[in-house]
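Trainee:
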Amino acid sequence: MIQENSNTFRERVLAIVCSIPKGETRTYKQVATDAGNSSASRAVGAVLKTNFEKNIPCHRVVRSDGGLGGYNRGTQRKKELLKKEGVKKQFKET
DNA sequence: CATTTGACGCCAA
DNA sequence: TTTGGCGCCAAAT
Numbered sequence: 006m007i008q009e010n011s012n013t014f015r016e017r018v019l020a021i022v023c024s025i026p027k028g029e030t031r032t033y034k035q036v037a038t039d040a041g042n043s044s045a046s047r048a049v050g051a052v053l054k055t056n057f058e059k060n061i062p063c064h065r066v067v068r069s070d071g072g073l074g075g076y077n078r079g080t081q082r083k084k085e086l087l088k089k090e091g092v093k094k095q096f097k098e099t
């Protein structure tokens, strides 16, 4: 059961990111759209950046360009985590 | 309360 | 196809 009934944008984003299935990756755009604003892709990153809750697999959130994006603990760690979870998707290096 | 920054996205050249 | 610039929203300072 997914309760996306949160007050602020961040709560919604956190809940949505938390609902991302293991082995799958979601784009900031998609999360933003689910949160209610398809254009708030940046805001999504801003939220994840300041919230690294262990319940929130923010490392499963990637860019729409095919890039990894960023990660509070280090982009390299994020890539490793995704790979370990079974993500076959390949990300850009630069 | 106002301003700046940012884990982004999309369009144009 | 690749690079550059602009636009978007929310949170943090």
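Under our numbering, the residue at position 81 of the first sequence is numbered 86, and the numbers go up by one with no gaps.
Ideal Cβ positions, reconstructed from N, Cα and C, are used throughout, including at glycine.
Just so we're clear, the structure is a prediction, and the values are computed from it rather than from any experiment.
#1: Taking the Cβ atom as the reference point for each residue, do K62 and I21 lie within a distance shorter than 8 Å?
#2: Tell me which same chain residues have a C-beta within less than 7 Å of the C-beta of K94, skipping the five on either side of it?
#3: Along the chain, where does the alpha helix (DSSP H) that runs through S46 open and close?
#4: Suppose the cutoff is 6 Å on Cβ atoms and the five residues either side in sequence are ignored; what does the same chain contact list for S69 look like?
#5: Check whether the Cβ atoms of F96 and G75 lie closer than 8 Å to each other.
#6: Do V66 and L3 come within 8 Å of each other at the CB atom, strictly closer than that value?
#7: Taking V49 and V18 to be in contact with their CB atoms under 8 Å, please state how far apart those CB atoms are, rounded to whole angstroms.
#8: Quick one: what's V22 bridged to in DSSP?
#9: Thinking C-alpha only, which one of K89, S43 and R15 is nearest A51?
#10: Give me the residue from G28, A40, K27 and C23 with the minimum Cα distance to N12.
Mentor: Straight from the coordinates:
#1: The residue you call residue 62 lines up with position 57 of the first sequence. The residue you call residue 21 lines up with position 16 of the first sequence. Note that residue 62 is Pro in the sequence shown, not Lys. No, the Cβ-Cβ distance between P62 and I21 is not below 8 Å.
#2: On the first sequence, position 89 is the one that residue 94 refers to. Excluding residues within five positions, the ones whose Cβ falls inside 7 Å are T30.
#3: Within the first sequence, residue 46 is the residue found at index 41, counting from 1. Unbroken alpha helix (DSSP H) run through S46: S46 to T55.
#4: If you number the first sequence from 1, residue 69 lands on position 64. Result list for S69: T32 and K34, in chain order.
#5: Counting from one through the first sequence, the residue named residue 96 turns up at place 91. Counting from one through the first sequence, the residue named residue 75 turns up at place 70. Cβ distance not < 8 Å, so F96 and G75 don't count as in contact.
#6: Coverage of the chain is limited to positions 6 through 99, which leaves residue 3 absent and any answer about it impossible.
#7: Residue 49 sits at position 44 when you count from the first residue of the first sequence. Residue 18 sits at position 13 when you count from the first residue of the first sequence. Right, the Cβ-Cβ distance comes to about 5 Å (below 8 Å), so this counts as a contact.
#8: Position 17 of the first sequence, counted from the first residue, corresponds to residue 22. DSSP, once it has assigned bridges, lists no residue as partnering V22.
#9: As a position in the first sequence, residue 51 is number 46, starting the count at 1. It is R15.
#10: By one-based count along the first sequence, residue 12 stands at place 7. It is A40 whose Cα lies nearest to the Cα of N12.
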